[in-house]
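full-length UniProt numbering numbers the first residue of the sequence shown as 1 and each following residue consecutively.
First comes the structure, then the notes that go with it.
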Amino acid sequence: KMTQQMRDLQLAQARKPPGPSSPNAAKRLYRNLSGKFRVNYTSFDEGSLVGRGEKEKLRKSYPFQSNAALFEAVELQDLDRVQELLKQYSPEELDLNTPNSEGLLPLDIAIMTNNAPIARALLQAGAKESPHFVSLESRSLHLSTLVREAEQRVNELTAQVVNEAPNADCSEKEKQLKAWEWRYRLYKRMKAGFEHARVPDAPTNVHLSVASSSSVHVTFWEPLSVNSAVVTKYKVEWSCSPTFSPPLGEAVIDKLKNLHFTIRGLVSGTAYYVQVSAYNMKGWGPPQASMPPFAIPSNWREYDGRAPRRRGQAEALDHLLGQVKTVHQHCVCHEPCKNQPQSRKHSVSKSLKHLFHPGSKFLKTLKRGLYLTAIFYKDDNILVTHEDQIPVVEIDDTYSCLLMQDFLWFTKVSCMWDEILWLRQCVTVSQSSCSCILQTRFKMLLAISQMQGLLGIQDLGQVFFEPVKDKQGNILIVTLKEVKTNQTFESVRWVPICKLQTSRKSVSSPEEPTALDTLLISVQDKLAYHQRSSHALSPGLYLGYLKLCSAVDQIRVLVPEQLPNILCHVKIRSNPNISREEWEWLQKMASVEEPFPAEPEAETSQNHLFQELQVAIKELMTLVNIPLQEAKDFRLYSQEVLDFGGQVSFLLLLPPSDDVCTAPGQNNPYTPRSGFLTLPLQIFELGEER
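And the structure:
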């Protein structure tokens with residue numbers, strides 16, 4: 001059957017003019033002979049010949065061309081070309097899992113020639129093995145047929161070339177002969193590769209961990225030896241019996257980019273055994289039991305039945321806020337404000353095109369006082385007024401010293417940008433008390449409303465963790481917001497930050513720059529802080545270091561510059577869950593006088609955690625520049641595991657009680673290395689919530 005097919009294709013090819021005689025011409029010629037028809041390895045009847053014109057049109061389409069190019073690249077073992085095609089086309093465009101006329105897929109050729117790099121690239125792109133090979137016998141028979149028919153075709157063409165006189169037809173047959181000789185060698189190499197291969201060894205480093213109260217997670221590595229055949233899939237099996245009789249379930253993993261699997265729907269408190277085996281074209285290899293050999297789904301909260309700390313807190317706060325609003329709804333302070341919502345709606349609805357209205361109250365220069373500035377940025381551009389100024393409004397021109405309590409109050413207000421009008425109405429009640437603090441805070445609310453109305457935007461973003469000051473008595477509270485849309489606004493222009501910095505004419509001396517000049521000089525640092533403070537940690541369990549320092553009016557916390565919304569930390573492992581057994585061991589460790597108890601038994605989850613903690617503590621001490629010998633006086637916070645969204649959890653490492661918080665004037669012999677900063681504790685708490 002295949003010989004008749006090849007003869008028909010040969011006749012069609014013979015009608016074409018002679019092609020180029022490049023070194024790869026013979027290989028490309030056979031690619032034209034055997035790879036262009038999108039049919040299975042079946043007989044070629046007369047009906048298929050009638051439709052040849054239709055197929056010739058199909059050959060000119062790009063999916064067909066890319067598919068033929070992929071087969072050629074795999075057969076020539078051209079890894080760069082294979083990677084280029086996989087990047088350029090989707091699996092559907094490549095017909096990645098459609099067999100060619102020989103019943104082969106690109107992955108079949110790669111694994112039977114034992115080309116592991118190409119096979120891995122194809123597997124990661126979603127390639128499969130041919131469904132024709134349902135058994136070892138069927139694969140062996142298929143390869144033998146390909147080799148036999150290719151050999152037969154080589155013999156026929158050799159006889160024709162030897163017996164015919166030199167002419168154009170003879171030259172074409174010589175090219176065909178070279179193509180078939182190359183094809184014959186390829187099939188023989190594939191057949192030898194299949195016969196030489198054996199089933200793969202067992203996977204290595206099979207590690208089992210508790211993922212939650214109803215799931216366990218298994219990770220593993222490739223076998224040390226694949227026995228001359230690429231592994232194409234893995235099987236994970238689980239059971240309540242160490243002998244796996246009876247088995248409870250199994251899962252086949254054929255997406256090999258990440259070798260891991262989570263077994264879900266398990267019963268809490270029940271021990272589950274897990275094993276993993278690998279598969280290649282010769283079949284399944286022996287299974288490898290996990291380490292530890294079993295895991296019991298659980299969570300650290302089951303140790304004492306503790307409920308999540310934040311359960312229902314957000315709802316409770318919303319309910320309390322609603323109650324407060326209800327109480328103030330009929331307050332006398334709201335009477336003069338009844339007509340305000342309409343005007344407020346009008347002002348807030350203004351778009352950014354009104355930013356530079358002649359009647360706006362953005363300031364060009366500063367005099368002694370307290371001001372609010374809003375920085376809106378997109379990529380490397382910043383939003384400015386027509387006068388190339390960052391939007392600034394006045395809070396209080398008689399305020400020369402910003403108290404930390406007022407600034408921290410302002411940062412809390414930034415969590416309620418939509419409630420500014422309501423807050424103004426409530427603060428108005430207490431104006432008669434003549435409290436300087438309340439008057440200042442009322443002016444802050446007025447400035448916020450003014451900024452919102454002029455910008456036509458309620459959300460002014462995140463407050464920078466410290467105000468900008470100068471020696472002239474100016475104080476700038478800075479808010480930062482990234483604009484991610486591609487919106488365009490009339491009468492508003494985005495200016496490159498570097499251009500704004502170079503074009504601004506300073507009205508201050510280099511020795512005593514104004515707060516605005518200082519802001520422009522350091523604006524990139526502030527934008528970098530804003531972007532970093534919104535980054536999230538990857539899922540996992542972390543070891544955090546809690547270090548505080550106090551001043552007269554505030555407590556500050558040490559954080560890394562690259563992630564200022566999180567404590568100094570190192571990653572312990574990718575699994576964020578602490579099991580009940582692990583937490584019980586940590587409680588015992590915290591109750592003994594020695595820095596570390598005896599090492600737990602091998603092949604247990606507690607032993608793995610013990611080893612992971614040792615590595616993490618050494619790394620963390622190096623990070624914060626503390627000698628390792630000092631770690632013997634440190635302790636783990638054993639009251640709870642800090643959970644952040646279910647995907648990130650923290651264990652805290654605490655210095656000795658006398659050193660947790662450094663007092664003013666107290667000498668700290670171990671100064672952290674560069675790359676850290678200290679934030680006011682309230683600012684850090686707000687950043688963590690965001």
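Note that beta-carbon positions come from the ideal geometry of N, C-alpha and C, so glycine has one too.
Which word fits residue i, buried or exposed, when buried means at least 16 other C-beta atoms lie within 10 angstroms of its C-beta?
i, result
"residue 694", "Outside the displayed span of the chain (1 to 690) sits residue 694, for which this structure offers no information."
"LEU679", "buried"
"ASN155", "exposed"
"ASP318", "exposed"
"ASP108", "buried"
"MET451", "buried"
"GLY687", "buried"
"GLU222", "buried"
"ASP459", "exposed"
"LYS588", "exposed"
"LEU136", "exposed"
"ALA271", "exposed"
"PRO166", "exposed"
"LYS325", "exposed"
"GLU512", "exposed"
"ASP418", "exposed"
State the beta-bridge partners of residue i as determined by DSSP.
i, result
"HIS217", "SER209 and THR262"
"PHE676", "PRO560"
"PHE650", "TYR542 and LEU642"
"TYR234", "ILE253 and ALA278"
"GLN450", "Answer by DSSP bridge pairing: none, since GLN450 is not bridged."
"GLU482", "TYR377"
"LYS469", "ILE475"
"ARG635", "LEU654"
"GLY369", "ASN474"
"CYS661", "LEU548"
Residues in the same chain with beta-carbon distance under 6 angstroms from residue i, minus the five sequence neighbours each way, listed in chain order, please.
i, result
"ASP470", "THR514 and ALA515"
"GLN682", "LEU408"
"residue 692", "The structure shown does not extend to residue 692, since the chain is modelled only from 1 through 690, so no value can be given for it."
"LYS60", "Interpretation of LYS60 is limited by its pLDDT of 42, a score under 50 that renders its predicted location unreliable; the figure taken from the coordinates is listed afterwards. Within the same chain, LYS60 has no close Cβ partners at all."
"SER144", "none"
"CYS661", "LEU548 and SER550"
Does residue i come out as helix, strand or coil in the three-state DSSP assignment?
i, result
"TYR41", "Because TYR41 carries a pLDDT of 34, less than 50, the predicted location of this residue cannot be relied on, and the following value inherits that uncertainty. Three-state DSSP puts TYR41 in coil, outside helix and strand."
"ASN381", "strand"
"CYS240", "coil"
"ASN163", "helix"
"MET444", "helix"
"HIS569", "strand"
"PHE410", "helix"
"TYR272", "strand"
"ARG28", "Reliability fails at ARG28, whose pLDDT of 44 lies under 50, so the model's placement of it is uncertain and no value is given."
"VAL495", "strand"
"PHE133", "coil"
"LEU320", "helix"
"ASP396", "strand"
"VAL463", "strand"
"GLU102", "coil"
"PRO91", "helix"
"SER228", "coil"
"GLU222", "coil"
"PHE294", "strand"
"THR622", "helix"
Excluding the 5 residues flanking residue i on each side, which residues of the same chain have their C-beta closer than 7 angstroms to its C-beta?
i, result
"LEU677", "VAL559, GLU561 and PRO564"
"TYR399", "GLY369, LEU370 and THR440"
"PRO539", "SER574, PRO576, GLN647 and VAL648"
"ALA663", "SER550"
"ARG81", "ALA73"
"VAL199", "ASN227, ASN280, LYS282, GLY283, TRP284 and GLY285"
Rounded C-beta distance between residue i and residue j? I'm assuming under 8 angstroms.
i, j, result
"TRP180", "LEU157", "6 angstroms"
"ILE296", "GLU581", "7 angstroms"
"LEU79", "ILE118", "6 angstroms"
"THR113", "GLN77", "7 angstroms"
Give me, in chain order, the residues of the same chain whose beta-carbon lies closer than 8 angstroms to that of residue i; leave out the 5 immediate sequence neighbours on both sides.
i, result
"PRO308", "ARG301 and ASP643"
"residue 692", "With the chain covering 1 to 690 only, the question about residue 692 has no answer from this structure."
"residue 725", "The chain is shown only over 1 to 690; residue 725 falls outside these bounds and no answer can be derived."
"ASN163", "none"
"LYS257", "GLN124"
"SER503", "ASP388"
Is there at least one non-hydrogen atom of the ligand FAD closer than 6 angstroms to the beta-carbon of residue i?
i, result
"GLU222", "In the structure on display, the ligand FAD does not appear, and there are no ligands present to speak of."
Please report whether the beta-carbon of residue i lies at a distance below 7 angstroms from any beta-carbon of chain C.
i, result
"SER414", "Of the chains in the structure shown, none is chain C; there is only one protein chain."
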